[in-house]
Amino acid sequence: MEAMTMYRDDAPAPDENYASGSGRLIVVSNRVMRPGATQAGGLAQAVLCLLQHRGGSWMGWSGDISNDDAVAASQDGPIRYVTWDLSRQDYDAYYAEYANRTLWPLLHGRTDLMAFERAALQGYLRVNERFAERIAREAGPDDIVWIHDYHLIPLASLLRARGLRNRIGFFLHTPLPAPRTLVTLPQHRAMLGLLSACDLIGLQTSNDARAMQNYLIGELDAVEESDGLRLPGGEFTRVRVFPIGIDPPALAEMARSAENAPETQQLRSSLGRSNLLIGVDRLDYSKGLPQRLRAFRHLLGNNPQLSGKATFLQVTPESRREVSEYRQLSREVQRLVGDINGHHAAPAWTPVRYVNRGYPHGVLAGFYRLARVCLVTPLRDGMNLVAKEFLACQNGLDPGVLVLSEFAGAAEELGDVALIVNPFDTEGCSRAMARALGMPLEERSERWRAGMQVLERGNIRAWCAQFLDTLALPPPAAAIPDGLAATAPVAP
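When we follow this note's numbering, the leftmost residue of the sequence shown carries the number 576, and every step to the right adds one.
So this is what it looks like as structure tokens:
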């Protein structure tokens, strides 16, 4: 369907000017990365790359909690940073509760973990209103507004209510479940219907786009037109797939530079003759860490010849400690690590190295380059850029192997590159690990070269350009003039 166009090999070459027109680009995300930060996630790295190339404003929460209501603005090269603090009350309701205990589990298909509190919804709407107030004050009439992720679902509608006629795009970095799951969200039509105020809704995979389109048609009575969807109120929106990419040359250079860095040398020396398997994930129930550890335990139990010859490094910064489900997950992972090491370790070998801290991208690049196998096995993930970063960091003369969950968005692009697994299949994952460890150089090289072709075609600049080029397209003539239609706000 045209409304779910996938940008792939046959997509037109993107405009490197990113459809800039005459206006600035205003990027809005829940949190703004501080200039010079080295441990930013995939969203922040993508925004940073975009704005360094094109210039514009980056607006959102500073990451600080205080009662200071002031807006701080600073310029760093081509990027204007506009940030503000959140109060403890707003942080708890908007971020800790509604975003992370209601929307996050919903979007990852874990409705059994979804909690709903009306006070949290009120806080979520209150903070989005505050975002809208600041953006409306910042935006000029020709500026383009690009909103990122589930924290800010109501924002476009709130901006329309303030009279903004600007082109507004929204990109969801998480997966999107089927409509039968989305309808479990209390007041789902009122909340998710607010996305119809966007001129463009971008998603990671074709399955995600299909879910969005089916939801808008089935639950909000949208009508499919040749180039998008028309809502009953006259709003017109396009639903498109834009798989987020990385900057392969920059990562490759970073990995080459990190080969002789102290951290990489220390890790290499400590491994001895053992092959390194690596996983890098935030502590989250969507990442499948217990399942991954059980598969590694199965690998060791069924392959005694690997004793001392396979070491699994799991880098897992803890997050969301205020959420009970995460504390419980932390205990489960630590128990499994202890069990594996207790049963299989030797005086000179520890099978699992579990590290609860983050590392700068430059350090991780060296670790990726050293690893023979990378385990990216989430139960559900929007994309998972670790899979792409690992490939980009490899030594082309002796590349490692990617073991990738079929439930990661990256599997749609890398299905012929990685060893695809179902993370719930312990034995199957174990076999894939064994195959990866024993894979001959010729096959490893062939898979790596194919992967690099995918990464180069869908790099971060192409992702940005394709999204902004599509956002710049005018709406059909029948649409409500200037895109002023806005869905009614959610009743708290």
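Built from N, CA and C at the ideal position, the CB exists for glycine as well.
Practice item. Would you kindly report the start and end of the unbroken alpha helix (DSSP H) that includes Ala962? Key: Position 387 of the sequence shown holds residue 962. Counting along the chain, the alpha helix (DSSP H) containing Ala962 begins and ends at Leu960 to Ala967.
Point to revise | Enclosing beta strand (DSSP E) for His723 [first to last residue] | key: Indexing the sequence shown from 1 puts residue 723 at position 148. Counting along the chain, the beta strand (DSSP E) containing His723 begins and ends at Ile719 to His723.
Check your understanding: Where does Asp956 land, buried or exposed, given buried means 16+ other C-beta within 10 angstroms?
Key -> In the sequence shown, counting from the first residue as 1, residue 956 sits at position 381. Buried.
Check your understanding: CB Ala940 to CB Ala833, shorter than 9 angstroms?
Key -> As a working note, residue 940 is residue 365 in the sequence shown. As a working note, residue 833 is residue 258 in the sequence shown. Going by C-beta atoms, Ala940 is nearer than 9 angstroms to Ala833.
Check your understanding: What are the partner residues of Phe745, as DSSP defines its beta bridges?
Key -> Locating residue 745 in the sequence shown gives position 170, where the first residue counts as 1. DSSP output for Phe745 lists Ile722 and Ile776 as bridge partner(s).
Check your understanding: For Leu682, which of Arg932, His726 and Asp796 has the nearest alpha-carbon?
Key -> Start at 1 with the first residue of the sequence shown, and residue 682 comes out as number 107. Nearest C-alpha to Leu682: His726.
**Study point:** Residue range of the alpha helix (DSSP H) that includes Gln627
**Key:** The sequence position of residue 627 within the sequence shown is 52, counting from 1. Segment Gly617 to Arg629, the alpha helix (DSSP H) holding Gln627.
Practice item. Going by CA-CA distance only, name the one from Glu964, Phe871, Leu945 and Leu950 that's closest to His918. Key: For the purposes of this step, residue 918 is taken as residue 343 along the sequence shown, with counting starting at 1. Of the listed residues, the one whose Cα sits closest to His918 is Phe871.
Check your understanding: In or out: Arg869 buried (at least 16 other Cβ within 10 Å) or exposed?
Key -> Your numbering for residue 869 matches position 294 in the sequence shown. Its Cβ being crowded by 16 or more others within 10 Å, Arg869 is buried.
**Study point:** In DSSP terms, what Leu852 is bridged to
**Key:** To locate residue 852, count along the sequence shown from 1; it is residue 277. For Leu852, which the question treats as bridged, DSSP gives the partners Phe887 and Val948.
Exercise for review: Check each candidate in Tyr929, Thr839, Ile915 and Arg685 and name the one with the smallest Cα separation from Phe568.
Suggested key: Here the chain has residues from 576 to 1067 only, and residue 568 is not among them.
Review point. So does the region 1011–1022 actually touch the region 793–802, counting three or more Cβ pairs closer than 8 angstroms?
Key: no
Check your understanding: If you check the beta carbons only, do Gly820 and Ile1035 fall under 9 angstroms apart?
Key -> Looking up residue 820 in the sequence shown gives position 245. Looking up residue 1035 in the sequence shown gives position 460. It is a contact, given that the beta carbons lie within the stated cut-off.
Check your understanding: Going by other Cβ atoms of all chains shown within 10 Å of its Cβ, with 16 needed for buried, is Leu972 buried or exposed?
Key -> What you label residue 972 is simply residue 397 of the sequence shown in a count that begins at 1. The residue is exposed, with fewer than 16 neighbouring Cβ atoms inside 10 Å.
Review point. Nearest to Asp665 by alpha carbon, out of Gln697, Thr686, Leu730 and Pro1051?
Key: Residue numbering aside, residue 665 sits at position 90 when the sequence shown is read from its first letter. Closest by alpha carbon: Gln697.
**Study point:** Those residues which DSSP pairs with Leu600 across a bridge
**Key:** Here residue 600 refers to the residue found at position 25 when the sequence shown is read from its first residue. Answer is Ile719.
Exercise for review: Flag this pair as touching only if the region 758–772 and the region 623–643 have three or more C-beta atom pairs under 8 angstroms; answer yes or no.
Suggested key: no
Review point. Is the closest heavy atom of the ligand GTP to the C-beta of Trp721 under 8 angstroms?
Key: For the ligand GTP, the structure offers nothing, since it holds no ligand at all.
Point to revise | Short Cβ contact (9 angstroms threshold) for Phe817 with Cys773 | key: Taking the first residue of the sequence shown as 1, we reach residue 817 at position 242. Taking the first residue of the sequence shown as 1, we reach residue 773 at position 198. Not closer than 9 angstroms, so no.
Practice item. Indicate the three-state DSSP secondary structure (helix, strand or coil) for Gly876 in the structure shown. Key: In the sequence shown, counting from the first residue as 1, residue 876 sits at position 301. Looking at Gly876 - three-state DSSP - the assignment turns out to be helix.
Practice item. Specify, as a first and last residue, the run of the beta strand (DSSP E) that Ser980 falls within. Key: For the purposes of this step, residue 980 is taken as residue 405 along the sequence shown, with counting starting at 1. Per DSSP, Ser980 belongs to the beta strand (DSSP E) from Val976 to Ser980.
**Study point:** Buried or exposed by the 16-neighbour rule on C-beta atoms within 10 Å, applied to Ser861
**Key:** Looking up residue 861 in the sequence shown gives position 286. Ser861 is buried by the Cβ-count criterion.
Exercise for review: Answer yes if the region 730–745 comes into contact with the region 630–638, meaning at least three C-beta pairs across the two stretches below 8 angstroms, and no otherwise.
Suggested key: no
Review point. What does a CB cutoff of less than 7 angstroms around His873 pick up in its chain, not counting 5 residues either side in sequence?
Key: Position 298 of the sequence shown holds residue 873. The residues are Thr1001, Glu1002 and Ser1005.
Check your understanding: Alpha carbon to alpha carbon, how far is Glu591 from Gln1041?
Key -> Taking the sequence shown and counting its residues from 1, the one referred to as residue 591 is at position 16. Taking the sequence shown and counting its residues from 1, the one referred to as residue 1041 is at position 466. Only weak support exists for where Glu591 lies, its pLDDT of 44 falling under 50; the coordinates are left without a value.
Exercise for review: Helix, strand or coil for Val898, going by three-state DSSP, please let me know.
Suggested key: Here residue 898 refers to the residue found at position 323 of the sequence shown. Val898 falls in the coil class under three-state DSSP.
Check your understanding: With burial defined as no fewer than 16 other Cβ atoms inside 10 Å of the residue's Cβ, what is the status of Asp859: buried or exposed?
Key -> Within the sequence shown, numbered from 1, the residue matching residue 859 stands at position 284. Burial call: buried.
Check your understanding: What are the boundary residues of the beta strand (DSSP E) that Asp783 is part of?
Key -> Counting from 1 along the sequence shown, the entry for residue 783 is found at position 208. No beta strand (DSSP E) contains Asp783, which is instead part of the alpha helix (DSSP H) from Ser781 to Leu795.
Review point. Would DSSP call Ile821 helix, strand or coil?
Key: Counted from its first residue, the sequence shown places residue 821 at position 246. The answer is coil: DSSP assigns Ile821 none of H, G, I, E or B.
Review point. Are at least three pairs of beta-carbons, each pair with one atom in the region 712–724 and one in the region 752–759, less than 8 angstroms apart?
Key: no
Practice item. Specify the secondary structure class of Gln650 as computed by DSSP and reduced to three states. Key: Here residue 650 is taken as the residue at index 75 of the sequence shown, counted from 1. In this structure, Gln650 counts as strand in the three-state DSSP scheme.
**Study point:** Backbone CA spacing between Arg609 and Val702 [nearest angstrom]
**Key:** Position 34 of the sequence shown holds residue 609. Position 127 of the sequence shown holds residue 702. Taking the straight line from one Cα to the other gives about 20 angstroms.
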